[in-house]
Ligand SMILES: Cc1cc2nc3c(=O)[nH]c(=O)nc-3n(C[C@H](O)[C@H](O)[C@H](O)COP(=O)(O)O)c2cc1C
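Residue numbers (the numbering used here): 4 to 406.
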């Protein structure tokens, strides 16, 4: 619930993506936000205020409210009570209004009357997006106050393809969260490993484990939201990694085997100050994998196995000066084994969690104990992996890297 106790004014303009703002309003509410919607006159030709009123359980604001004489809500009052103004979709016309300092409709008047951060999500046809006036207007917006979530490239409503698409709703929620979150990892460069690895026996059979990668993906998402540049090294999973909120803020390297993960992590830590190892790499592999499928009748009853490299142990000499966070999935003696692992591997923080009875691996929630190098401990009751990611990163932010 990253937006709990935050009031967001969602400005909806007259773009073809206006209908997607209804899903965005729902997603913001699901993230804990209190959402009020302000629609431009053009937006109401695409979707009605009633839709937003039903979703937000609040009156939808229109230009009638700006020019109301009977004691309606004033634009100054709306400005004062909004923590974030999120304009999505933002049309070319509204961008021109913002750049020119116009206050000729409710939304632009509130923007001018407020000092809250503004997150702009432009969406339009590629030719409009790339046009000189639109790009010039974007350049006129004060970067200290206005944040931009750039449009995606892909199929457009017109049938053309190119930059201009409205981003995925979850990415807009991440960007809204980032606009309000403490930027205590700004300037930091964080590598996160996530997911299982797969060790092949032949082209159709693998040794793996049920890790979904969710914990690492949530850590990568939360680190980006707190201002870090993130490199996510992700094993095979059906879960989608977070999108970059700005160019180069989230790099994702996909890997399959533990050897691949080791190589990718080694390359990534060269320019990082923090390594968070949330992956569950397979620690054994078939000793003699083969390139063509073994016929069923020829399958051996027992398999010869060998250990895969221990990523942390192998990279330890290269990690000097970096903050290193590990995870320990245990079924018994969770805290004792966790403490032993923290010390033997020279970690700064370790989250030890039980993985019996469906807990931990693949689950939506996690629980356990967070152990620190200074000997402190924190019991973590069951909570979503995104809440746990925030809790861990708050600690990471307090551990400055000395490199
Ligand atoms: C069918 C249709 C789709 C449109 N889609 C967009 C769009 O995606 N992006 C955009 O900037 N303008 C789009 N426009 C143009 C805007 O509706 C128009 O510029 C309007 O003045 C925007 O006003 P507003 O910014 O006050 O909402 C579209 C117009 C029509 C008729």
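Glycine is no exception: its CB is placed at the ideal position from the N, C-alpha and C atoms.
Burial state of residue i, where buried means 16 or more other Cβ atoms lie within 10 Å
i	result
residue 242	exposed
residue 170	buried
residue 380	exposed
residue 244	buried
residue 316	exposed
residue 61	exposed
residue 135	exposed
residue 71	exposed
residue 39	buried
residue 163	exposed
residue 111	buried
residue 127	buried
residue 339	exposed
residue 426	The requested residue 426 is not part of the displayed model; the chain covers only 4 to 406.
Under the three-state DSSP convention, the category residue i falls into
i	result
residue 128	coil
residue 83	helix
residue 218	helix
residue 52	helix
residue 402	coil
residue 322	coil
residue 171	coil
residue 295	coil
residue 77	coil
residue 184	coil
residue 161	coil
residue 34	coil
residue 102	helix
Spatially closest choice to residue i from the options, by CA coordinates
i	options	result
residue 98	142, 87 and 227	142
residue 328	354, 124 and 311	354
residue 236	48, 147, 260 and 343	260
residue 33	8, 53 and 17	8
residue 248	273, 232 and 262	232
residue 180	146, 193, 88 and 290	88
residue 17	52, 198, 4 and 10	52
residue 205	292, 144, 337 and 226	292
residue 13	82, 395 and 368	82
residue 342	77, 373 and 369	373
residue 281	210, 202, 369 and 230	369
residue 129	278, 394 and 168	168
residue 371	377, 334 and 400	334
In DSSP terms, what residue i is bridged to
i	result
residue 279	195 and 328
residue 386	369
residue 149	121
residue 256	236
residue 356	332
residue 310	287
residue 203	209
residue 380	374
residue 64	41
residue 223	DSSP, once it has assigned bridges, lists no residue as partnering residue 223.
residue 134	Residue 134 is not bridged to any residue.
residue 14	41 and 90
residue 155	168
Proximity below 8 Å, CB of residue i to CB of residue j
i	j	result
residue 238	residue 216	yes
residue 350	residue 312	no
residue 26	residue 6	no
residue 404	residue 262	no
residue 149	residue 113	no
residue 283	residue 309	no
residue 402	residue 188	no
Proximity test, residue i beta-carbon vs ligand 3 heavy atom, cut-off 7 Å
i	result
residue 63	In the structure on display, ligand 3 does not appear, and the ligands it does have are ligand 1.
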